[in-house]
Amino acid sequence: SSPSMLKPIQIKLVLLGEAAVGKSSLVLRFVNNDYQENKEPTIGAAFLTQKCKVQDKIIKFEIWDTAGQERFHSLAPMYYRNAQAAIVVYDITNSDSFDRAKSWVKELQRQATNEIVVALAGNKCDLHDSRQVESEVASSYSSEKGLLFLETSAKENENVNHLFKEIAKKLPLES
Ligand code: GDP
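With full-length UniProt numbering applied, the sequence shown corresponds to residues 5 to 179, in that order.
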């Protein structure tokens with residue numbers, strides 16, 4: 005049967021990372037292929053869906069943005085509990101945001117379900133002149149922890165679709 009006849013497989017995906025690293029911008033780029041300079045911070049619930057075709061399967065991502073709660077450093081575990089996928093985002097021009105990303109990874113690997121697919125995204129890679137986090141450092145950290153790793157730019161639309169596709173490919177989906 006054609007893929008369009010298949011029922012989409014729903015996947016809960018959460019975004020984690022320090023404020024202002026570009027989480028909402030990555031979602032906006034993936035879902036609407038849009039970008040807003042000086043975006044207002046997300047307040048309140050943010051829940052969007054987007055479909056993605058992988059091989060002969062249709063994945064429907066239910067994307068949960070932190071809705072600015074990370075500003076208070078208290079993100080309830082219920083936010084990422086039951087998530088099948090997570091994107092931990094840092095800003096390549098901000099090494100503190102990379103440290104924060106590493107602590108999110110630690111928390112996810114301790115608390116979330118075993119099967120969760122975790123991707124690390126080094127966002128704002130268009131700002132390479134102000135880079136503080138070397139690709140090699142993030143890349144070797146990611147292989148050590150078993151994470152997908154990509155540098156992305158929501159602004160320049162670099163690696164954004166690719167990131168979600170790679171996550172979809174790693175999901176344990178039964179046929
Ligand atoms: P969030 O708080 O993590 O959701 O971050 P936002 O998506 O609100 O983005 C914070 C700021 O960074 C906004 O002014 C965005 O326009 C900007 N931004 C987001 N992604 C990129 C990117 O890929 N490149 C650049 N240069 N700026 C970005």
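Glycine included, every Cβ here is placed at the ideal spot set by N, Cα and C.
Pull up the DSSP beta-bridge partners for residue i, would you.
{"i": "W108", "result": "Its beta-bridge partners do not exist; DSSP assigns none."}
{"i": "residue 3", "result": "Outside the modelled stretch of the chain, which goes from 5 to 179, sits residue 3, for which no answer is possible."}
{"i": "A90", "result": "V18, V122"}
{"i": "Y157", "result": "According to the sequence shown, residue 157 is Ser rather than Tyr. S157 pairs with E162."}
{"i": "L152", "result": "A123"}
{"i": "I13", "result": "I63"}
Taking all protein chains shown into account, do 16 or more other C-beta atoms lie within 10 angstroms of the C-beta of residue i, making it buried, or fewer, making it exposed?
{"i": "E22", "result": "buried"}
{"i": "L10", "result": "exposed"}
{"i": "K43", "result": "exposed"}
{"i": "F51", "result": "exposed"}
{"i": "D133", "result": "exposed"}
{"i": "V141", "result": "exposed"}
{"i": "S107", "result": "exposed"}
{"i": "S101", "result": "buried"}
Item to complete: Report yes or no: do three or more beta-carbon pairs, one from the region 121–139 and one from the region 148–166, lie closer than 8 Å?
Response: yes
Worksheet item: If you pair each beta-carbon of the region 87–94 with each one of the region 19–28, do three or more pairs fall below 8 Å?
Response: yes
Discussion item. Measuring CB atoms only, is the region 155–170 touching the region 33–44, in the sense that at least three cross pairs come out at less than 8 Å?
Written reply: yes
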